[in-house]
Structures are given as C-alpha cells and as structure tokens.
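Chains as they are written, first to last, in the numbering used here: chain S, 28 to 370; chain U, 381 to 691; chain B, 4 to 216.
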C-alpha cells in the first residue's frame, strides 16, 4: 500500500493527532472495547467475556481483516459496533466514528434512534453471514435493493442506482427479477454486498461473508470487498476465520483469540513472519503451511484466565516461563501480545 | 499500517469494574419493551395464584366439614349474595358457592380428561401424517378439514345424543372435535424435522423407523403437544358447559357448572342474576388463568439457539 | 469396495441431478471428489450412504448389491458406511448432549453396553474433553460439534467413510485436526474414504487421487 502510516499507540488523543504522513484519519477508532454477556438474571449463571480490551483504527482505503476461530468473539465485535447486541450484553470502551461532514460520535453510547437513522446503512454497511437468511424470501432481489436505496438515499433515481449497484457487484441484471431462493449462493451473496452499498457507506463491515461458499466464490467475494477499499476509498473491516481469504486481500490483519487481540499489524508482515505463537499455529494449520492442527482447545469464555489465554497450548514456551501478560506491546511494525525476543 | 491503542492496564476479563453499561436497545422487531419481563412475571404469578386457589378449593370441597353442596334449605331459597352465602343460594336453597366449587371440580376433571385424549389422538394422527406423507397424509388432512368444517357444538350434540347421559359420550364428543389443531401443529413440526440431516444421520447409524420416531421426532414434538393440551383446556370447559347447559351433557348427580347454569336459566328471569352470573364468573376466571399459564409457558419455550450469544 | 455404476438420480421427476455416474471407494484409500457447489456431490454421497434411492444403477458394497434405501436398506449395510455432513448444527439432535449423540448408533444397533468405553476412546481421538461431552449442542462451537459428528460416524467401526464437505464450516485448525483423525483411521483400520470438498488445495493434500464431477 502507498505510504507508511506512523505507528502510534500511546494514548487515544495522540493516536488521532499523529495520523502520520500520507495516512488519512481513521474513520472508526475503537478503544478498549469489551463486551460481556450476563447469563441468567444479573449474571447468576455465569458471565461470558466475549470481547476484551480490543482496540484498532480503521482507515479509508484499507482492508482490516479480523481473523480467529469460531467462538472467539469476532462476530460479537461486529454486533457491538452496530448496536445489535442482545439485551443481556454489556459494553465498555469507545468506538468513535468520524466521517467528514458529520459530527464525531461514539457508537457504543449512541442512542438507538441515532444509530438507526444515521449510522446503519448510511455510514456503516453490513454484509452479513449467510445471504439466504438475510434476504426476505418473498420479494425479488431487485425489489429489496430498490427499497434499500429508497430508504437510504432520499430523492434519488432509484432504478438507475439499482442497476448501478448491480453492475458494481457484477450481478447480472436478470438476477434482479429473481427471488432469493432462485439465486445461487454466490449471487445471493453479491446481492447482500449490493444491499450493503445501497446507502453509499464509508465503512463496510463484512461478518463472515464467505462461509459455505466455494473457493472460487470466496475469492470473488473478497476481491469485490477489497475493490471497495482500493478503488472507492471505503474502509473495510472483514471478519472471517478463513485464513486464505484473509491472506488474499488484507492490508492489515488483527488476530483474535479468546476475546483478545493477540497480533495486529500489516498483513504481509504478519503472514510472512508471525510473532505470536497462535498466529504461527494458525498459519501452520493451513494445507500449504504444514497442515498441523493447533493442539488443545481455546479456553471457555466464561472462565478466561487473567493472563495469556493461549499459554496452556503454547508450543513455544509450554506452561510457565513466559510473562503471562496479555497486553499488546509494540514490536516493530506491529503489536503483539507476547513478550519474547525480538519484542 | 494499523494502529491500535495499547491498553494501559491488564484487568481480568469481564471484571466487575466501572464503565460497564447495558447494550440493550429497543429495536424494531423486538416487541418486548423494558416492562415486558415484569408484565410476564405478573401474568405468570397472577394466573398461577388464581388457579391454585380455585383448584385447591374445588378439590377440597368434599372434605371440608360442614360444606355440602347438596344441602337443601327451603327456607333460604334464592337469597342474593350476602354474608351467610357469598354467592347466594339457588332455587332449592343450596349454597351457590359450595355448589359452584363442586361443579368446578367436575368441569375441570372432565375438561382435563378431554384435553389429554384430544392431544394424544391429535399427536398420533399428526405424527403419522407427517412421517408417512403421500396419500396417508392427504387423507388425514382432508379429515381434519372435514372435522373443522362442522361447528363443534353441533357435532358434539350429535355424538352425545346417540348416548344420552353418559359421561363417556361427553368426553368423546369433546375429544373428537378438538384434536385437529394438535394434529396440524404436530404434523408441521414433524415435517420440518423429517428432512433434517440429523434424521439422515440416525438412519445411517442403524436406527429403524420406530426408533427415529420414538427417540428423535416425538420428543421434539411432545412439548408443543403438551402446550396444546393446556390451551385446549379452556375450550373443553366451554364445550362441556354448553352441552350441560342445554341438558345434553353430564347427568345431574355429576353436576358441573354447566348444569348449574342450565338449572338457573329460569331463575334469571325472576331477577336472581347471581345464579347464572357468579358461577360463570368463576369459570371465566379459571379459563383465563389456564390460558395465562399456557401463554407464559409458550413464551418460555423459545428454542435455544447459539445466536443467543451471537458468537 | 463401495461402488456405484451408471447411476442416475434426482429429486424431481425428469430432472436428474446425476446421470451415468461411476464411482469406486476402495478400502484404505482416500478418493477426493471435487466440483462446484450444486453439481451433485452431496447427492452422490447420499446415494452411497443408502439414504437416497437412485433411479438407475445400484450401490454395490463389498461385492454385494444393496437393494433398498433408508429404512428399507438392511442395517449392516447402512452401518458399514459412515457419513459426516457439512453443517454440524443441523446434523445433530439439539436436545441431546454430545456423549449421547455419539453413542446413539450404538444404542440403535443393540450395542449399548460398549457405549461408555467406545465413546470415551473416540472422544479422546477426535479431541473432545470429557467436560465438553456433557454439553448440549448450543453450548459448543461449530468446530467442537463437527468433531462429535465425526466421532458418531466412526463409532460403529464402519468400513467406509463419506465426508460431505466436512470442513467447509470450520476453521483451519479444526480442519487439520479432523482430517488427521480420518487419515489415521484410514491408515490403521483400512477405512475407505470419500472426501468431498470444493477446496482443491485441501483435496490435493488429503486425497490419494481426485475425481471431478
């Protein structure tokens, strides 16, 4: 990618002030985001720590991929940013949304009315997981797109915009006349991407958009998402457990494990030289990376240890011998939650 | 380059520290507002309380000394509600409250038996229909349509008229007209489960038809069926009351509230409103309480999904 | 050998999903089946597992032709072929804890006495801790549930295993773990495996040879 953003990270104010040469200001600045679920009344049956102290900045023109195994809390993060958490959830931290022409706001503190009328669809577009269950089955794809365009962009030429959107996602025009169950998986997924773009959002949040799709379709979908960042200057946050898709399009990557971020940095650096043992383990589990599973299980989110959650499975230091500190530290061009040389 | 903010502290996850705030939001499509949990608790406790009190008194009536629903007192004929007789007395001087409670016992017992019989019949037919498919399914569903097309009471009267005065006839007439809703619900559930991969997995694992039905399909269906039984109860009560009111239901020695209402029909015309109004109110209270409990149960029976946690 | 010859099958009359298909699964070897989604790979798996009756052609299991499908197929034939589905959440009974899900085929074929020992041994092999075994499906992740489904498919000691997009919904580490268990079974017990996947890279590493539909 062009330019090198200065790495900042001391304090929130400094981070935003020192955006660095050639680096645009972040559109979404997440600081210390934590989400927990209370099971049973008042948390009597347990507390699930789904997201713990996650912080990152999403900049226009970049694709930040959040990877992690299923159950690590990635999708909860997406729901938290859009205010779609269930009633038994509690949040902490801030998620500052800064779009030119609009006041800066904290997504976690914003009231529902503000999120519904100003943020969702208009500033942040969501590409959900399984297209089939997110499309209304009794209306054609074109009708749903038209409805989205009508709602999100007042006074616009609806038909022209709908065909424009369809072209942008490479959806054949006749597919617009079909009902969701008549569309193939790949086409349905393209419809959901078009829906996400209907309001011309500055941020596109894709939550596991490629689950269950063929490899060629996965590639096409993530390429499309990457084009939204590179050609249209949007900020893309892609949440997935598919490492190969991540490697294909990511400019920055954040690895999540047991509710925490363990490694965050530029994609090519992290993928070629992973510094956290978990990242290395994940890459080693790929067919091309050695096909070795990471032994053991992630800890239960109801019983997370206070220190490093990966320690019992860590092949590098075994049990004992490490600092057991899950805080992220700067290490060259990235942040890692593991203090061993060279970090 | 992604830049993040380094956390300054290492709190233990989900620590009960400051700064946690609820993420609950009232969104379109989530009908329950902030008062919903309170309202549903009130409904549950209210219905439960009413039902417990009424059923307990109804059941205890024969054993409480000094209370005889057949005690006739011609000196106290058609007394309005007062301190001695909370519900007043009927045309033979019997205390109406005691008589109503005794009648309630009979009404509830008969209705409970009917509800159970209807449910079992409906479950079996619905499960067979859903599992067999093809012509069996079509025939059974046409039978359901036929039964539904005839007004319940008319069909009930016809059945009862064939076996005048028999309790079995009353039960049969109610059961044979109320099984259809259960059958439809059970059939729907079986149809939705029948083609799921887990049934295929069971077949692949060597299970025969009966085992699949017994171990996988019926247990999934039983909670719905049981709920149907509870919700049929008020209908059965109504149906039996109507039959008895018309004199076609239970015999006089097993007087249910319907019989009381039937006997009191003429008394209303001379101004003794309490003979019909108060026993009916008792019946309505019980029916509402049962429906309320059934509703609470149905609301709690939302299937557990992992998406509860949105992980 | 598990094979099918000249098979034609479909779901609606007049619209065959597969036509004139031959396939062999040999003991001890893993054959990969590739192809885009919708081309009939899952349908082929269902026919081989005796869950769907073909319109033409029949399934031959170890030299004997098997007639009938689903309940009509003889139990020894059905249980000789194990099947793992793509979506673990739909492939399990949501009311049963994991250890009962795994033990269910044993109970169904009258081998309940072996259940505790066999389940414990298999659970350890697929990487499920005893604590996870007592949980309900909605309390475990997709990866853990798919491990339980694999254990269930292996619990009767089948001679053939059909993996229908077994790893499509799970992450890389679970994929590697599941495939290593299947490979071990194939090597040690001579299990014949049909690996269905749209992931050519995975099949390249896993299968001995790959067939395309």
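Every residue gets a Cβ at the ideal spot worked out from N, C-alpha and C, and that includes glycine. This one's a predicted model, so the numbers in the text were calculated from it and none came from an experiment.
Quick check on residue i - is its C-beta less than 8 Å from some C-beta in chain S?
i: residue 33 of chain B; result: no
i: residue 41 of chain B; result: yes
i: residue 172 of chain B; result: yes
i: residue 18 of chain B; result: no
i: residue 420 of chain U; result: no
i: residue 93 of chain B; result: no
i: residue 208 of chain B; result: yes
i: residue 402 of chain U; result: yes
i: residue 576 of chain U; result: no
In this structure, does DSSP put residue i in helix, strand or coil?
i: residue 358 of chain S; result: strand
i: residue 48 of chain S; result: Residue confidence is low: residue 48 of chain S scores 38 on pLDDT, short of 50, so the model does not pin down where it sits. Its coordinate-derived value is still stated next. Coil.
i: residue 266 of chain S; result: strand
i: residue 659 of chain U; result: helix
i: residue 301 of chain S; result: coil
i: residue 183 of chain B; result: helix
i: residue 329 of chain S; result: coil
i: residue 73 of chain S; result: strand
i: residue 122 of chain S; result: strand
i: residue 85 of chain B; result: strand
i: residue 163 of chain B; result: strand
i: residue 82 of chain S; result: strand
i: residue 314 of chain S; result: helix
i: residue 405 of chain U; result: coil
i: residue 414 of chain U; result: Low per-residue confidence applies at residue 414 of chain U: pLDDT is 49, beneath 50, and the placement is therefore not dependable, though the value from the model is reported in the following sentence. Three-state DSSP puts residue 414 of chain U in coil, outside helix and strand.
i: residue 278 of chain S; result: coil
i: residue 564 of chain U; result: helix
i: residue 212 of chain B; result: strand
i: residue 29 of chain B; result: coil
i: residue 63 of chain B; result: strand
i: residue 614 of chain U; result: helix
i: residue 174 of chain S; result: helix
Hey, residue i and residue j are a contact pair by Cβ (cut 8 Å); roughly how many whole angstroms apart?
i: residue 111 of chain S; j: residue 78 of chain S; result: 14 Å between Cβ atoms; not a contact.
i: residue 607 of chain U; j: residue 678 of chain U; result: 6 Å
i: residue 35 of chain B; j: residue 97 of chain S; result: That pair is no contact at about 25 Å.
i: residue 368 of chain U; j: residue 426 of chain U; result: Chain U is shown only over 381 to 691; residue 368 of chain U falls outside these bounds and no answer can be derived.
Taking C-beta to C-beta, are residue i and residue j nearer than 8 Å?
i: residue 198 of chain B; j: residue 166 of chain B; result: yes
i: residue 304 of chain S; j: residue 343 of chain S; result: yes
i: residue 37 of chain B; j: residue 203 of chain B; result: yes
i: residue 124 of chain S; j: residue 92 of chain S; result: no
i: residue 229 of chain S; j: residue 254 of chain S; result: no
i: residue 50 of chain B; j: residue 62 of chain B; result: yes
i: residue 583 of chain U; j: residue 81 of chain B; result: yes
i: residue 92 of chain B; j: residue 139 of chain B; result: no
i: residue 4 of chain B; j: residue 96 of chain B; result: no
i: residue 537 of chain U; j: residue 628 of chain U; result: yes
i: residue 90 of chain S; j: residue 252 of chain S; result: yes
i: residue 32 of chain B; j: residue 107 of chain B; result: no
Answer with yes or no whether the minimum CB distance from residue i to chain U is below 8 Å.
i: residue 118 of chain S; result: yes
i: residue 110 of chain S; result: yes
i: residue 174 of chain S; result: no
i: residue 215 of chain S; result: no
i: residue 3 of chain B; result: Chain B is shown from 4 up to 216; residue 3 of chain B falls before or after that span and cannot be answered.
i: residue 107 of chain B; result: yes
i: residue 111 of chain B; result: yes
i: residue 11 of chain B; result: no
i: residue 139 of chain S; result: yes
i: residue 114 of chain S; result: yes
Measuring only between beta-carbons, confirm whether residue i sits less than 8 Å from chain B.
i: residue 202 of chain S; result: no
i: residue 514 of chain U; result: no
i: residue 321 of chain S; result: yes
i: residue 309 of chain S; result: yes
With respect to 7 Å, is the separation between the Cβ of residue i and the closest non-hydrogen atom of the ligand NAD below this value?
i: residue 304 of chain S; result: The ligand content of the structure shown is nil, which means the ligand NAD is not present either.
Could you run through the stretch 143 to 156 of chain B and flag, in chain order, every residue whose CB is less than 7 Å away from some CB of chain S? 144, 145 and 146
Identify each residue in the stretch 221 to 254 of chain S for which the Cβ-Cβ distance to at least one residue of chain B is less than 7 Å, and report them in chain order. Residues are counted here when their Cβ sits less than 7 Å from a Cβ of chain B; for the stretch 221 to 254 of chain S these are 238, 239, 241 and 242, given in chain order.
Note down, in chain order, all residues in the stretch 175 to 196 of chain B with a beta-carbon under 8 Å from any beta-carbon belonging to chain S. 175, 176, 177, 178, 179, 180, 182 and 183
To be precise: take each residue of the stretch 89 to 106 of chain S, compare its Cβ to all Cβ atoms of chain U, and keep it if any distance is under 7 Å. Which residues remain? Listed by position, the residues of the stretch 89 to 106 of chain S near chain U (Cβ gap below 7 Å) are 91, 98, 100, 102, 103 and 106.
Closer than 9 Å between beta carbons: that is the criterion. Which residues of the stretch 120 to 131 of chain S meet it against chain U? 120
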